[in-house]
Amino acid sequence: MDARLNFFAGPTAGKVLKHLMSAGKVIKDSPLPAATQELVALRVSQINGCAVCIDMHTKEAAAAGETSVRLNLVAAWREATVFTEAERAALELAEEGTRVADAAGGVSDKVWGDAAKHYDEEQLTALVVLVSFMNMVNRLNVITQQPAGDYEPGQFH
């Protein structure tokens with residue numbers, strides 16, 4: 002499978018990617034726990050069907066010590082007992098934030114309140130930006146049919 006666009010070839014894409022990578026680094030360096038970041042990035046990517054991001058975030062999480070059990074259960078986190086209450090709140094916020102077009106009310110007060118019980122304002126900011134960032138990157142990759150499978154942990158960091 003060949004990508005429709007090579008984001009590393011053109012000057013416009015290169016400029017945009019430079020800023021996107023900088024934004025991604027700010028999120029990565031935020032006080033939101035790294036494990037939560039990878040779980041949320043993976044769940045958003047699963048919902049959006051972004052194979053390249055699923056590949057990336059599964060491998061990054063595994064390289065950081067995440068277990069295969071937890072990674073395999075992200076898609077069914079509600080029925081899984083391996084996630085903390087804080088991670089569950091983050092995953093639920095990620096789902097509602099990703100499915101805003103499907104839910105007329107957007108992110109519910111209950112879901113926001115559950116997340117706010119576990120994360121301070123800086124962490125909530127990072128979580129909201131991460132969900133938004135992942136949705137944007139997923140769309141770029143899905144629209145241009147970026148192929149998955151060749152990602153190496155740390156490749157973009």
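Heads up, the sequence shown is in my numbering, so the first residue is 2 and it goes up one at a time. Just so you know, even glycine gets a beta-carbon here, dropped at the ideal spot from N, CA and C. Since this is a predicted model, take the numbers as computed values, not measurements.
* Proximity of A81 and A116 at Cβ, strictly below 8 Å -> no
* Asked: In chain order, what residues of the same chain have a beta carbon less than 7 Å from the beta carbon of E1, not counting five sequence neighbours either side?
  -> Residue 1 lies beyond the stretch modelled for the chain, which goes from 2 to 158, so this question has no answer here.
* Do the CB positions of V53 and V132 come within less than 8 Å of each other? -> no
* Any chance you could list the beta strand (DSSP E) runs of at least 3 consecutive residues sitting entirely within the segment 58-133, in chain order? => none
* **H20 classed as buried or exposed, judged by whether at least 16 other C-beta atoms fall within 10 angstroms** => exposed
* Output the distance between the C-alpha atoms of A104 and E97, rounded to the nearest integer angstrom. => 8 Å
* Can you find a heavy atom of the ligand SAM that lies under 7 Å from the Cβ of D151? -> No copy of the ligand SAM occurs in the structure displayed, which carries no ligand at all.
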